[in-house]
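The structure appears below as structure tokens.
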Amino acid sequence: MKHLLQVNNLSVSFRIDDSVTKAVNDVSYYIDQGETISFVGESGSGKSVSQLAVLQLISTPPGSIDNGCVMLEDEEVFKYSANGPEMRKIRGGKIGMVFQEPMTSLNPVKTIGSQLMEPILIHTGVKDKEARKRAISLLSQVGIPDAEKRMGDYPHQFSGGMRQRIMVAIAIAGNPKLIIADEPTTALDVTTQAQILELLKTVSEKNGTSLLIVTHNLGIVARYAQRIYVMYAGRIVESGLSRDIFAHPSHPYTRGLLNAIPRLDDSKERKLQPIDAPAKMPLDDGKRCPFLPRCKYKCDMCFSQGIPDLTESVENGHFAACRLSREELDQIDKNSQDSTRIDRREPLKDNILEINNLSVHFPIKHSVLSSKSTKLTAVDKVSFKVRRGETFGLVGESGCGKTTVARSIVRLINDSEGEIKFNNLDFNVLKSSELRRQRHKIQMIFQDPYSSLDPRKSAGSLVGEPLKIHKLISSGQEYDRRVDELFTLVGLSPSLKNRVAHEFSGGQRQRLGIARALASNPDLIVCDEPISALDVSIQAQIINLLEDLQQELGLTYLFIAHDLSVVKHISDTIAVMYLGKIVESAPCEELYANPMHPYTQALLAAVPIPDPEIELTREKIILPGEVKSLMNRPAGCCFSDRCPYTMDICRKQVPLVKNYGNEHYVACHKLEQ
Amino acid sequence: MNKRGTSHFMSGITRFLKRLFGRRIVIFGTVLVVLFVMTALLAPYISPHNPYKQNLALSFAKPSAEHILGNDELGRDILSRLIYGTRTSLSIGFIAVMIAAGCGIILGLVAGYVGGVVNSVISRIMDALLSIPAIMLSLGLGIIFGSGMASLMVILGLSTIPTYTRLMCAQVLAIRNSDYINAERVLGAGSIRIMFSHILPNCLSPIIVLFTMNIGGTILAEASLSFLGLGVKAPMASWGAMVNEGYSRLITNPVFALAPGVCIMLLVLGFNILGDGLRDILDPRLRGSI
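Same order as they appear, the protein sequences are chains A and B.
Count the first sequence with full-length UniProt numbering and you get residues 1 to 673, in order.
Count the second sequence with full-length UniProt numbering and you get residues 1 to 290, in order.
This is how it looks when you write it as structure tokens:
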């Protein structure tokens with residue numbers, strides 16, 4: 001059978017300062033008409049570069065396509081020059097592309113109408129009027145309301161999700177045979193992610209287009225892809241049908257990935273198994289299996305023999321590049337069933353943190369000259385209690401105010417209203433001198449490990465700084481000892497303490513951030529999305545580290561995240577925020593077993609589970625519309641404009657938080673009846 | 001620990017130099033600058049004659065074996081005066097820029113970090129200073145401070161403060177809300193600590209570049225002020241003053257004015273190339289790719 005796109009032995013390398021990096025190494029794959037396939041891998045695995053190379057979109061130099069043959073139907077793509085007319089016809093005409101960042105992939109100074117008409121004019125040869133008509137129909141096809149009116153709008157007038165819809169419209173404008181979506185939803189919220197993926201799916205089904213999704217999210221793969229290619233260090237290490245791979249992963253890396261991610265349907269006691277990570281991604285020396293340094297299944301054969309080829313395993317079309325057979329891998333797994341469960345310490349009864357009616361307003365000036373300003377309420381009368389020794393998860397989509405709550409608690413935002421009672425001391429009324437003395441009791445771990453460490457300071461002095469600020473040490477020796485101790489505590493070698501931040505990998509940097517937070521012996525650590533900037537296999541390490549530290553030091557965490565599976569894994573109590581309000585809060589198991597608020601239900605349904613069998617049977621709730629901006633919050637219940645059960649009273653009256661037993665608090669009119 | 005710290009620091013320096021001199025043109029600029037600095041330091045040993053000794057018999061003598069570049073109006077050896085002039089020009093250039101950078105950095109740091117009214121006041125003053133043409137400002141300040149080497153340094157320094165303040169202020173504004181500064185605040189670090197131990201080091205790379213570039217500019221400004229008569233007092237030698245003296249005889253005795261002119265050009269060129277090289281390697285986007 002003839003494939004729509006067939007790629008054979010593709011190799012791409014980048015030359016930077018005399019050193020050559022092989023980004024893609026001998027990669028072959030195909031996609032058939034109407035098929036949905038997916039490329040999975042962590043950052044730097046070469047999954048995006050492979051796709052860009054097919055379209056000849058790699059900038060040369062520094063990149064160069066060393067080898068390979070790409071057949072698109074009957075055309076040999078690499079025969080054409082990168083910017084020649086044939087290549088331009090393929091891009092957009094035969095292959096459409098959707099990029100990761102909807103914020104930067106549209107031209108900000110041109111109307112979306114003209115950006116959408118451009119591919120139509122280029123690839124279909126129709127005249128202006130007809131192109132405009134088609135553009136409008138495309139816009140309504142991708143779900144932009146009032147398509148005709150919005151043709152003249154500029155990209156900044158659309159939200160992220162809407163812009164990604166426009167990108168999809170542009171990608172399908174030239175009637176392509178194949179759409180390549182490069183991490184299409186990574187920058188989007190969970191509910192928007194579900195919308196965009198559903199859109200891509202319906203659009204490709206309707207036009208018979210093939211769809212290639214590049215992603216690191218195994219859940220998305222399980223929900224949408226029919227076949228999967230798993231990439232590691234520039235090579236395909238496993239490929240096959242989605243259900244085969246999820247049921248019987250046959251490469252150590254795939255197994256590692258599946259064990260490393262927390263799942264929505266996990267039991268809470270399963271300990272995540274991270275993949276051992278060397279400091280830097282190993283460079284492929286072309287002699288041994290590239291995964292060898294991180295592999296827990298390695299045997300003598302792996303060292304003595306060269307790179308394993310992709311070999312077909314039990315099922316048809318399921319290939320894996322590993323010396324060991326699936327049975328041998330299973331056997332090793334069985335023998336190493338240790339410490340896969342976590343013992344959780346019971347949280348104490350007393351409250352370490354009590355938030356009462358916390359509100360944060362930001363003034364918005366209308367113009368430079370006018371003194372009038374309106375208030376933007378980012379957090380609206382939020383109250384919750386955190387018990388000593390527990391992990392309190394605060395979940396919500398971007399813009400719901402969860403980070404603002406965190407920043408008010410550590411007093412990075414100073415003019416919040418309400419009570420922040422920490423250890424029975426109202427933090428919100430402390431004077432700045434008193435505050436500085438109390439500060440070491442609450443610490444914070446930041447989201448982005450790349451921007452939260454001073455790039456000019458050595459790792460040792462970063463971690464040791466709180467000791468000096470709060471005068472927690474009496475001598476230089478004690479200082480050195482304590483810094484070494486902190487490094488060891490977070491799993492870093494103290495010999496690294498003279499390095500500066502950029503010499504560490506992302507995961508190591510986050511460990512440094514944790515060590516710095518621990519330095520002053522805090523009672524409470526506010527974790528603001530501490531793992532969302534990290535790769536999947538590294539996330540598991542950091543989560544495990546946080547859990548171990550909690551056991552060891554009796555810490556309390558306020559854990560803020562948008563990833564519901566992670567929050568479920570780590571938290572004892574969870575609160576769900578929407579537009580600056582807490583809509584539901586309950587003990588973790590209770591919330592996931594019995595979500596009551598319609599928003600929580602939709603959020604949970606939107607999270608894909610990395611198992612195709614389960615995904616088939618799950619009910620999907622796709623929320624209409626988008627998160628409203630805080631400026632025009634709907635009257636009454638803030639969720640009333642998207643809720644499937646909205647009644648009259650929801651639009652008029654703000655629902656009150658009520659207890660429905662089991663410490664389960666919900667703010668919803670429907671439940672009251 | 002200290003020992004390891006030092007060796008780490010040294011390896012950093014080696015890498016830094018390796019990258020700096022990776023480009024030939026930067027080597028050329030550095031050699032120029034080093035040559036001039038050496039000349040200034042060793043002036044008494046390398047100058048063939050006493051630069052102040054007058055010999056009216058040799059007034060406006062053409063170049064000869066004894067006096068390679070000839071003699072000036074009062075019969076003083078031009079080469080020797082040129083060599084001694086390096087001292088004046090370099091020290092004025094360097095110290096004036098130090099004054100400017102020192103004041104500018106502090107003002108910019110405070111304005112950017114404290115913000116609000118303080119920022120507005122400092123910024124408006126700087127804007128006002130910037131809006132006066134540099135030469136006018138220098139002349140005005142010259143009236144207040146009088147002429148002479150010390151006041152020349154102060155004048156030139158004061159008139160370049162606004163550039164540093166603005167650059168610094170913009171840098172601080174970009175950094176002060178970054179996560180690592182927030183992290184310091186959460187740790188309970190005080191304002192002084194945050195400003196000087198975290199913000200300042202992270203703002204320095206563009207300042208260093210501006211610094212080297214400004215030295216060239218200041219030497220030129222010194223030359224023009226000396227040319228206008230506001231410069232160093234006779235009989236002290238300065239390149240600017242020498243151009244001033246020689247320019248009226250440009251046609252009859254071109255070496256007289258051209259020699260110091262060429263020196264100024266070479267020194268400014270040297271500093272500019274060095275500044276360019278520094279800018280390239282201190283660019284934060286290139287950091288980590290060493």
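Here a beta-carbon is modelled for each residue, glycine too, at the ideal position from N, C-alpha and C.
Kindly list, in the order they appear in chain A, the residues whose Cβ is closer than 8 Å to that of residue i.
i	result
residue 179 (chain B)	446, 447, 448, 451, 452
Excluding the 5 residues flanking residue i on each side, which residues of the same chain have their C-beta closer than 8 Å to its C-beta?
i	result
residue 156 (chain A)	108
residue 416 (chain A)	358, 359, 360, 379, 408, 428
residue 529 (chain A)	403, 447, 560, 561, 562
residue 116 (chain A)	135, 138, 139, 151, 166, 169, 170, 173
residue 43 (chain A)	216, 535
Counting only the same chain and skipping the five closest in sequence on each side, list residues whose C-beta sits under 7 Å from that of residue i.
i	result
residue 400 (chain A)	577, 578, 579, 580
residue 608 (chain A)	219, 220, 222, 223, 615
residue 52 (chain A)	58
residue 571 (chain A)	391, 392, 393, 559, 588
residue 282 (chain A)	Unreliable placement is indicated for residue 282 (chain A), whose pLDDT of 49 sits below 50; the coordinate value is still reported in the next sentence. Cβ within range, chain order: 233, 290, 293.
residue 155 (chain B)	138, 141, 142, 145
residue 574 (chain A)	393, 395, 567, 585, 586, 588, 591
residue 244 (chain B)	226, 227
residue 601 (chain A)	595, 621
Applying a beta-carbon distance threshold of less than 9 Å, which residues of chain A neighbour residue i?
i	result
residue 190 (chain B)	436, 469
residue 182 (chain B)	407, 410, 412, 444, 446, 452
residue 202 (chain B)	454, 455, 456
residue 167 (chain B)	In chain order: nothing, as chain A lies at least about 18 Å away.
Starting from residue i, follow its DSSP beta bridges and name the residues at the other end.
i	result
residue 528 (chain A)	A:560
residue 182 (chain A)	A:214
residue 361 (chain A)	A:377
residue 127 (chain A)	Answer is none; residue 127 (chain A) lacks a bridge partner.
residue 587 (chain A)	A:573
residue 235 (chain A)	A:232
residue 353 (chain A)	A:386, A:422
residue 240 (chain A)	A:228
residue 168 (chain A)	In the DSSP output, where bridge partners are listed per residue, residue 168 (chain A) has none listed.
residue 60 (chain A)	According to DSSP, which records beta bridges pairwise, residue 60 (chain A) is partnered with nothing at all.
residue 312 (chain A)	A:319
Counting only Cβ pairs nearer than 7 Å, list the residues of chain A close to residue i.
i	result
residue 67 (chain B)	Chain A residues near residue 67 (chain B): none, gap ~51 Å exceeds 7 Å.
residue 198 (chain B)	454
Spatial neighbours of residue i within its chain, please: C-beta separation below 6 Å, excluding the five flanking residues on both sides.
i	result
residue 483 (chain A)	460, 463, 464
Just to make sure I have the definition right: I need the residues of chain B whose C-beta is within less than 9 Å of the C-beta of residue i. Which are they?
i	result
residue 440 (chain A)	187, 188
Strictly below 8 Å CB to CB, what residues from chain B border residue i?
i	result
residue 466 (chain A)	187, 188
Any C-beta of chain E sitting closer than 8 Å to the C-beta of residue i?
i	result
residue 386 (chain A)	As a matter of chain content, chain E is missing from the structure shown, whose protein chains are A and B.
Complete runs of the beta strand (DSSP E) confined to the region 380-464 of chain A [at least 3 residues] = 391-395, 417-422, 442-445, all fully within the region 380-464 of chain A.
Please list the segments of the alpha helix (DSSP H) lying wholly inside the region 120-159 of chain B, counting only runs of 4 or more residues, in order along the chain.
-> The region 120-159 of chain B contains these whole alpha helix (DSSP H) runs: 134-145.
Contact the region 250-262 of chain B vs the region 174-184 of chain B: 3+ CB pairs below 8 Å | Between the region 250-262 of chain B and the region 174-184 of chain B there are fewer than three inter-stretch CB-CB distances shorter than 8 Å, so the stretches are not counted as touching.
Is there contact here, the region 536-555 of chain A with the region 248-266 of chain A, by at least three beta-carbon pairs under 8 Å?
-> Contact holds: three or more Cβ-Cβ distances are below 8 Å.
So, do the region 230-246 of chain B and the region 140-156 of chain B have three or more beta carbon pairs nearer to each other than 8 Å?
-> Touching, yes.
Is there contact between the region 184-196 of chain A and the region 8-27 of chain A, where contact requires at least three CB pairs shorter than 8 Å?
-> Result no; under three Cβ-Cβ pairs closer than 8 Å.
Touch test, the region 555-564 of chain A against the region 376-396 of chain A, Cβ-Cβ under 8 Å, three pairs minimum | Segments in contact, yes.
Three-pair Cβ contact test at 8 Å for the region 81-89 of chain B versus the region 107-123 of chain B | With the cut-off at 8 Å, the region 81-89 of chain B and the region 107-123 of chain B do not touch.
Scan the region 472-498 of chain A and note each continuous alpha helix (DSSP H) run of 4 residues or more that stays entirely inside, going in chain order.
-> Those alpha helix (DSSP H) runs which fall completely within the region 472-498 of chain A and span 4+ residues are 476-489.
Please confirm if the region 243-253 of chain A is in contact with the region 504-511 of chain A, defined as three or more CB-CB distances below 8 Å between the two stretches.
-> Judged by Cβ distances under 8 Å, the region 243-253 of chain A makes no contact with the region 504-511 of chain A, as fewer than three pairs qualify.
Could you tell me whether the region 53-67 of chain B touches the region 216-225 of chain B, using the rule of 3 or more Cβ pairs below 8 Å?
-> Fewer than three pairs of CB atoms, one per stretch, sit closer than 8 Å, so the region 53-67 of chain B makes no contact with the region 216-225 of chain B.
Three or more beta-carbon pairs under 8 Å between the region 204-216 of chain A and the region 124-138 of chain A, yes or no?
-> Counting Cβ pairs under 8 Å, fewer than three are found: no touch.
Three-pair Cβ contact test at 8 Å for the region 144-160 of chain A versus the region 79-99 of chain A = The region 144-160 of chain A is not in contact with the region 79-99 of chain A.
Quick one: which unbroken alpha helix (DSSP H) runs of 4-plus residues sit fully inside the region 178-261 of chain B? Chain order, please.
-> For the region 178-261 of chain B, whole alpha helix (DSSP H) runs of length 4 or above, ordered along the chain, are 179-187, 200-227, 239-246.
In chain order, which beta strand (DSSP E) runs of at least 3 residues are fully inside the region 16-71 of chain B?
-> Within the region 16-71 of chain B, no complete beta strand (DSSP E) run reaches 3 residues.
In chain order, which alpha helix (DSSP H) runs of at least 4 residues are fully inside the region 598-657 of chain A?
-> Segments of the alpha helix (DSSP H) lying fully in the region 598-657 of chain A: 598-606, 612-617, 648-652.
Does the region 620-629 of chain A touch the region 646-662 of chain A, meaning 3 or more C-beta pairs lie closer than 8 Å?
-> Output reads no: the region 620-629 of chain A does not touch the region 646-662 of chain A.
Contact the region 410-426 of chain A vs the region 440-456 of chain A: 3+ CB pairs below 8 Å | In this structure the region 410-426 of chain A lies against the region 440-456 of chain A, because at least three pairs of beta carbons, one per stretch, are closer than 8 Å.
Give a yes or no on contact between the region 266-281 of chain B and the region 33-45 of chain B, applying the rule of three or more CB pairs nearer than 8 Å.
-> Under the Cβ criterion (8 Å, minimum of three pairs), the region 266-281 of chain B counts as touching the region 33-45 of chain B.
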